[in-house]
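Residue numbers (our numbering): 2 to 230.
Don't be surprised by glycine CBs; every beta carbon is placed ideally from N, CA and C.
Given the structure is predicted, the values throughout are model-derived calculations rather than measurements.
One structure below.
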């Protein structure tokens, strides 16, 4: 079963990165690869899709919480998928500013910090951050669902890169199919929203993709409009 998926029922969140689920009548713990609040999704009794990773040194559990069923659709809560999905989206030409990219490097250091990607096409390069989005309200995908100082620092860093004459952008990967557009969450994190808006004025580009969610897979990526507010 290792490497596959099993369905269960979400029971409760134990801490930031650990949840309790019921699988085939047994109580189990699962790693939650997402630091967001996820209050709208982590509702006791919701169906849960879990990735079986098997025992590993340093791990408390052999399960990862991958998806939650809202009663209408599946939502992927594994924030690591944003970085996994971006290379394929680039290859398929779904990210406008990155069309024609011929090299994509991961986890590239920049002045003591790391950014998710450095995309190159000829002599032109783009520093890129990928963010996963799980919250949708009124048809609009919103990020973040909780204040994120780290996310704001990334935005500020990208703005500084652009000020130096280089190119930089952020791709918001919406891991659910019911979003018609994207916006920063001005209510839950106005500092991030303001930083993002100001960075775009300075030349940072922003892109958003919506994905459909199946059993352990994300597919059907489509660009959706971005509204900064």
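- Residue burial is scored here from C-beta neighbours: residue 108 has fewer than 16 other C-beta atoms within 10 angstroms and is therefore classed as exposed.
- The count of Cβ pairs closer than 8 Å, one atom from the stretch 186–200 and one from the stretch 51–69, stays below three, leaving the stretches out of contact.
- The C-beta of residue 100 has fewer than 16 other C-beta atoms within 10 Å across all chains shown, which makes the residue exposed.
- Taking C-beta separations shorter than 6 Å and ignoring five residues to either side along the sequence, the partners of residue 120 in its chain run 99, 102, 105, 127, 129, following chain order.
- Across the structure, residue 72 and residue 201 are spaced so that their CA atoms are roughly 36 Å apart.
- Membership of residue 70 in the beta strand (DSSP E) is indicated by the continuous run 64–70.
- For the pair residue 111 and residue 206, the Cα-to-Cα distance works out to about 19 Å.
- As summarised for the stretch 39–99, the continuous beta strand (DSSP E) elements at least 3 residues long and confined to that stretch are 48–53, 64–70, 75–77, given in chain order.
- Around the CB of residue 15, fewer than 16 other CB atoms lie within 10 Å, so the residue is classed as exposed.
- Comparing alpha-carbon positions, the option among 63, 210, 148 lying closest to residue 94 turns out to be 210.
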